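K.L.:
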Amino acid sequence: MNCQTFREYCTLNPTYRKQAFLRHKQACSACADFADEMMLFEQTLVEAMKIEIPAGLTERILHRQTIPSADDQRLPTPVGSDERKTGHLFKFLKRYTPSQLASQWFHYSIYALAASLVLAIGLLVGSLWWQSHVLQQQVIAYIENEPHAFLMNDEVPPDEVRAMFQAIGAKLTSDIGPVNFCNLLTIQDYASAHIVLTGTKGPINVLFIRDSQLTGYHTFSHGKLKSIIFSATWGNLAIVGVPEEPLEKIAVRLNEAVIWL
Amino acid sequence: MKPSDKRQVRFERLVKTWTKDVFRYAFWLCGDQHIAEELVQETFTRVWKYLDQLSDDNAAKSWLFTIVKRENARRYERYCPEIETLDHDQIAANGDYDTSTEAFVLRQALAKLPDEYREPLILQVIAGYSIKEIALQMDLSTGAVMTRVHRARQKLRDTLQGTENK
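Protein chains in written order, with this note's numbering: chain W, 1247 to 1507; chain G, 16 to 181.
1. Quick check: is the beta carbon of Leu1258/W nearer than 7 Å to any beta carbon in chain G?
2. Name the chain G residues whose beta carbon is nearer than 7 Å to that of Val1442/W?
3. For Trp12/G, go through chain W and note every residue whose CB falls closer than 8 Å to its CB, in chain order.
4. Where do the ends of the beta strand (DSSP E) carrying Val1425/W lie?
5. Can you tell me whether DSSP reads Met161/G as helix, strand or coil?
6. Please list the terminal residues of the continuous beta strand (DSSP E) segment that includes Leu1418/W.
7. Among Leu1268/W, Leu1500/W, Cys1256/W, which has the Cα closest to the Cα of Pro1425/W?
8. Between Ser1327/W and the rest of its own chain, which residues show a CB-CB distance below 8 Å, the 5 nearest in sequence each way excluded?
9. By the criterion of Cβ-Cβ separation under 9 Å, what are the contact partners of Leu151/G in chain W?
10. Using the Cα positions of Gly1423/W and Glu1401/W, report the straight-line distance between them to the nearest angstrom.
11. Are Ile1297/W and Phe80/G close, meaning C-beta to C-beta below 7 Å?
12. Drop a sphere of 10 angstroms on the beta-carbon of Ile1356/W, count the other beta-carbons inside from all chains shown, and report buried for 16 or more, exposed for fewer.
13. Please classify Val164/G: is it buried, with 16 or more other beta-carbons within 10 angstroms of its beta-carbon, or exposed?
14. Which one of Asn73/G, Glu52/G, Ile82/G has the shortest CA to CA distance from Tyr65/G?
15. My understanding is that Ala167/G touches Leu136/G, with C-beta atoms under 8 Å, so please give their C-beta distance in whole angstroms.
16. Thinking just about the alpha-carbon of each residue, which of Phe1466/W, Ala1301/W, Leu1507/W, Phe1252/W is nearest to the one in Phe1411/W?
17. Please list, in chain order, all residues of the same chain as Thr157/G whose beta carbon is under 8 Å from its beta carbon, the five residues on each side excluded.
18. Give a yes or no on whether the minimum CB-CB distance between Met1247/W and chain G is below 7 Å.
19. What is the DSSP secondary structure of Pro1449/W, reduced to helix, strand or coil?
20. Can you tell me which of the three DSSP states Trp1506/W falls into?
21. Identify whether Lys1264/W lies in helix, strand or coil by the three-state DSSP scheme.
22. Rounded to the nearest angstrom, how far is the Cβ of Leu29/G from that of Val62/G, given a contact under 8 Å?
23. Hey, how far is the Cα of Lys1495/W from the Cα of Lys1447/W?
24. Note the first and the last residue of the continuous beta strand (DSSP E) segment covering Ile1510/W.
25. Ignoring anything shorter than 4 residues, give me the alpha helix (DSSP H) runs that lie fully in the stretch 1273 to 1297 of chain W, in order along the chain.
26. Ser1477/W by DSSP, collapsed to three states: which one?
27. How many Å lie between Asp1405/W and Thr1465/W at the Cα?
28. At what residues does the alpha helix (DSSP H) containing Ser19/G begin and finish?
29. Residues of chain W with a CB under 7 Å from the CB of Ala118/G: which are they?
30. In the DSSP assignment, the beta strand (DSSP E) including Tyr1463/W goes from what residue to what residue?
31. In the DSSP assignment, find the alpha helix (DSSP H) that holds Ala150/G and state where it starts and stops.
32. Excluding the 5 residues flanking Pro1324/W on each side, which residues of the same chain have their C-beta closer than 8 Å to its C-beta?
33. State yes or no: is the beta carbon of Pro1300/W nearer than 7 Å to at least one beta carbon in chain G?
34. Please identify the residue among Arg133/G, Gln169/G, Arg172/G whose C-alpha is closest to the C-alpha of Met153/G.
35. Mind checking Tyr1255/W: buried by the 16 CB within 10 Å criterion, or exposed?
36. How long is the line joining the alpha carbons of Ala1278/W and Ala142/G, rounded to whole angstroms?
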């Protein structure tokens, strides 16, 4: 390898490690100096390109895969016969006698009614699913943003817990067990209380969301966590823990332990 | 282990192994931290969806970089911002950031490099690709890649030397 070839390779990639390249570097001091200069530039370039990833990006990626994508939610293409297409209406009318047509229209009106009912039910279920989905996402997002809640081992003084419930217009009527963390927050503009209880398998996050209107009983899985959100007379109660915990029983007990003023 | 659990474990391994490199590649393609984050998120969403198509995890790096590039191209179809200067406050918010003058000048010069020069250089420095691998990834001849990398490096060195001489 001559000096010119060496310098071309070196400019292109100073970390080049072919035998002929290394041999020339040892033999030619001028080229060795050039290689050192290029290596210095390479190090500066590598450092300049080192952009640290935003905090929590890996976690956000892993979290995002649990949310259904728009593609997954796309509705199937409706199937329709040629006769039902507008452009073929005249052909369709010509094919039948008036009595047959009346009978056909009767059938179509029944189908249309049934389709409207299915659509209405679909919209209702979809809207309910969407509301519960949004609420669930907000609950999970909130819990994920309070990682220190999982680390608290000391029991919160009962007075502090009572004061927190009082702040959202509620009162504890019975013992709910040791509370390791409590906090006031707002979810979807609703005053809410967050407590963390010690379960048999790990921490249990409970959110009392006052006046939230989600109806029914919804269960979700999120990574290694399970969550339940259900409707109470005063709002919604969300409870999140590991699937092995009897979350349903705990939810019922907590709901009974709180009265709303 | 259930197949769904195996899939989950495999995905997590890919995310943890490659997020940093994929983010850096995305950042130097688009020049904006927030857009780069979106590109990375979109990339891994696609990876999750089509994970079963990746038969060999050793090919993951090339696959991921290809997806990032396509996602960035899709973004350009919608909106094509011109990168003129980098927002250093944005990228300096993260810990391990070289604050030297050389690094500052090089980042600005990198952002100003034409795409056809910047991209092979990013693949070489961040992904550690050889000239042949870059040629495969970019669907170019090795000669074309050599020319582009050489010019990119030359422009950066000239910029740096110009600053030092001032």
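The beta-carbon is built from N, C-alpha and C at its ideal position, and this holds for glycine as well.
Quantities reported herein were computed from a predicted structural model and do not represent experimental measurements.
P.N.:
In short, the structure shows the following:
1. Position 12 of the first sequence, counting from 1, holds the residue named residue 1258/W. Closer than 7 Å to some Cβ of chain G, the Cβ of Leu1258/W qualifies, so yes.
2. Along the first sequence, read from residue 1 onward, the residue named residue 1442/W stands at position 196. Those within 7 Å of Val1442/W in chain G number zero; the least Cβ separation is about 26 Å.
3. Missing from the structure shown is residue 12/G; chain G here goes from 16 to 181 and no further.
4. Locating residue 1425/W in the first sequence gives position 179, where the first residue counts as 1. Note, Val1425/W: beta strand (DSSP E), 1425 to 1433.
5. Within the second sequence, numbered from 1, the residue matching residue 161/G stands at position 146. It is helical.
6. For the purposes of this step, residue 1418/W is taken as the residue at position 172 of the first sequence. Leu1418/W -> beta strand (DSSP E) spans 1416 to 1418.
7. Locating residue 1425/W in the first sequence gives position 179, where the first residue counts as 1. The residue asked about is misnamed: residue 1425/W is Val in this sequence, not Pro. Comparing C-alpha distances from Val1425/W to each of Leu1268/W, Leu1500/W, Cys1256/W shows the shortest one belongs to Leu1500/W.
8. Start at 1 with the first residue of the first sequence, and residue 1327/W comes out as number 81. At Ser1327/W, the pLDDT of 38 sits below 50, so the modelled position is not reliable; the number obtained from the coordinates is stated separately. If we look at Ser1327/W and ignore the five residues flanking it on each side, it has no Cβ neighbours.
9. Counted from its first residue, the second sequence places residue 151/G at position 136. Per Cβ cutoff of 9 Å: no residues; Leu151/G is ~16 Å from chain W at best.
10. For the purposes of this step, residue 1423/W is identified with residue 177 of the first sequence, where counting begins at 1. For the purposes of this step, residue 1401/W is identified with residue 155 of the first sequence, where counting begins at 1. Their Cα atoms are separated by approximately 10 Å.
11. In the first sequence, counting from the first residue as 1, residue 1297/W sits at position 51. In the second sequence, counting from the first residue as 1, residue 80/G sits at position 65. No, Cβ-Cβ distance for Ile1297/W and Phe80/G is not below 7 Å.
12. Position 110 of the first sequence, counting from 1, holds the residue named residue 1356/W. It counts as exposed.
13. Stepping through the second sequence from its first residue, residue 164/G is reached at position 149. Buried.
14. For the purposes of this step, residue 65/G is taken as the residue at position 50 of the second sequence. Among Asn73/G, Glu52/G, Ile82/G, the Cα nearest to that of Tyr65/G belongs to Ile82/G.
15. Translated into positions along the second sequence, residue 167/G becomes position 152. Translated into positions along the second sequence, residue 136/G becomes position 121. That pair is a contact at about 4 Å.
16. Working through the first sequence from its first residue, we reach residue 1411/W at position 165. Taking only the C-alpha atoms, the option nearest Phe1411/W is Leu1507/W.
17. On the second sequence, residue 157/G is found 142 positions in, with the first residue counted as 1. Closer than 8 Å at Cβ, skipping near neighbours: Ile146, Lys147, Ala150.
18. Here the question's residue 1247/W lines up with position 1 in the first sequence. No - not a single Cβ of chain G is within 7 Å of the one on Met1247/W.
19. Here residue 1449/W corresponds to residue number 203 of the first sequence, with the count starting at 1. Three-state result, Pro1449/W: strand.
20. The residue given as residue 1506/W occupies position 260 in the first sequence. Note: Trp1506/W maps to strand in three-state DSSP.
21. As a first step, residue 1264/W must be located in the first sequence, where it is residue number 18. Coil.
22. Taking the first residue of the second sequence as 1, we reach residue 29/G at position 14. Taking the first residue of the second sequence as 1, we reach residue 62/G at position 47. That belief holds up - the Cβ atoms of Leu29/G and Val62/G are roughly 6 Å apart, short of 8 Å.
23. Counting from one through the first sequence, the residue named residue 1495/W turns up at place 249. Counting from one through the first sequence, the residue named residue 1447/W turns up at place 201. Whole-angstrom Cα-Cα distance: 15 Å.
24. Given a span of 1247 to 1507 for chain W in the structure shown, any question on residue 1510/W remains unanswerable.
25. 1275 to 1295
26. Residue 1477/W sits at position 231 when you count from the first residue of the first sequence. Strand at Ser1477/W.
27. Counted from its first residue, the first sequence places residue 1405/W at position 159. Counted from its first residue, the first sequence places residue 1465/W at position 219. Looking at the two C-alpha atoms, the distance is approximately 32 Å.
28. As a first step, residue 19/G must be located in the second sequence, where it is residue number 4. From DSSP, the alpha helix (DSSP H) with Ser19/G extends over 18 to 45.
29. Reading the second sequence from its first residue, position 103 is the one you call residue 118/G. Residues of chain W passing the Cβ test: Thr1290, Glu1293, Ala1294.
30. Within the first sequence, the letter at position 217 stands for residue 1463/W. Judged by DSSP secondary structure, Tyr1463/W falls within the beta strand (DSSP E) whose first and last residues are 1463 to 1468.
31. Here residue 150/G is taken as the residue at index 135 of the second sequence, counted from 1. Per DSSP, the continuous alpha helix (DSSP H) segment holding Ala150/G begins and ends at 146 to 153.
32. For the purposes of this step, residue 1324/W is taken as residue 78 along the first sequence, with counting starting at 1. Bear in mind that the predicted position of Pro1324/W carries a pLDDT of just 37, short of 50, making it unreliable; the figure below should be weighed with that in mind. Correct list: empty, nothing qualifies.
33. Counting from 1 along the first sequence, the entry for residue 1300/W is found at position 54. Output row for Pro1300/W: interface = yes.
34. Here residue 153/G is taken as the residue at index 138 of the second sequence, counted from 1. For the residues Arg133/G, Gln169/G, Arg172/G, the minimum Cα distance to Met153/G belongs to Arg133/G.
35. Along the first sequence, one-based indexing puts residue 1255/W at 9. Classification of Tyr1255/W: buried, given that the 10 Å Cβ count is 16 or more.
36. Reading the first sequence from its first residue, position 32 is the one you call residue 1278/W. Reading the second sequence from its first residue, position 127 is the one you call residue 142/G. In a straight line, the C-alpha of Ala1278/W is about 26 Å away from that of Ala142/G.
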